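Student: Below is one structure. I have some questions about it.
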Amino acid sequence: MTDHEYHQLAEALMLTIEEQIDDCGADLDYESASGILEIIFADKSKIIINKQAPLHQVWVATKFNGHHFELRDDKWIDNRSGAEFWQFMSDAATRQAGQTIEWQHD
0 MTDHEYHQLA
10 EALMLTIEEQ
20 IDDCGADLDY
30 ESASGILEII
40 FADKSKIIIN
50 KQAPLHQVWV
60 ATKFNGHHFE
70 LRDDKWIDNR
80 SGAEFWQFMS
90 DAATRQAGQT
100 IEWQHD
């Protein structure tokens with residue numbers, strides 16, 4: 000994967016979440032700048048998604064732990080647990096919000 004391809008894919012990942020925050024039914028907000036997306040929950044806790052361009056990874060920090068995702072066969076996979084990004088994000092956001100949140104993706 001080239002650097003350009005990585006940036007396109009990582010930005011699309013973050014944009015997909017940004018576009019769904021208002022419609023997810025939970026009390027969420029977000030801030031986005033310089034390759035970092037912060038999802039802010041009602042209790043002021045955050046999930047932070049951070050592009051790691053030199054490694055072609057996307058890092059996710061929740062209130063419970065951190066994960067490093069890399070693209071494998073068109074899916075972002077956690078290199079430690081093997082979790083798929085979208086399922087992980089739905090589970091992590093649900094846990095942190097205390098209500099069901101499901102991120103939709105193509």
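Residue numbers (numbering that gives the first Met the number 0): 0 to 105. Positions of the beta carbon are idealized from the N, C-alpha and C atoms, including for glycine. Just so we're clear, the structure is a prediction, and the values are computed from it rather than from any experiment.
1) Mind pulling the beta strand (DSSP E) runs of 3 or more residues that sit fully within the stretch 71-99?
2) For Ala-32, name the three-state secondary structure that DSSP assigns.
3) From this set, Asp-28, Thr-99 and Lys-50, which residue's C-alpha is nearest Asp-43's C-alpha?
4) Return the first residue and the last residue of the beta strand (DSSP E) that Gln-7 is part of.
5) On the DSSP bridge list, what partners appear for Leu-27?
6) Measuring only the C-alpha atoms, how far is His-6 from His-66?
Tutor: Looking at the coordinates:
1) 74-77
2) Sequence index remark: in the sequence shown, residue 32 carries index 33 (1-based). The answer is strand: DSSP assigns Ala-32 an E or B state.
3) Position 44 of the sequence shown holds residue 43. Residue 43 is actually Lys in this sequence, not Asp. Lys-43 has its Cα closest to that of Asp-28, out of Asp-28, Thr-99 and Lys-50.
4) Start at 1 with the first residue of the sequence shown, and residue 7 comes out as number 8. Counting along the chain, Gln-7 falls outside any beta strand (DSSP E), though it belongs to the alpha helix (DSSP H) covering 2-20.
5) Within the sequence shown, numbered from 1, the residue matching residue 27 stands at position 28. Bridge partners of Leu-27: Phe-40.
6) Counting from 1 along the sequence shown, the entry for residue 6 is found at position 7. Counting from 1 along the sequence shown, the entry for residue 66 is found at position 67. When rounded, the distance between both Cα atoms is 19 Å.
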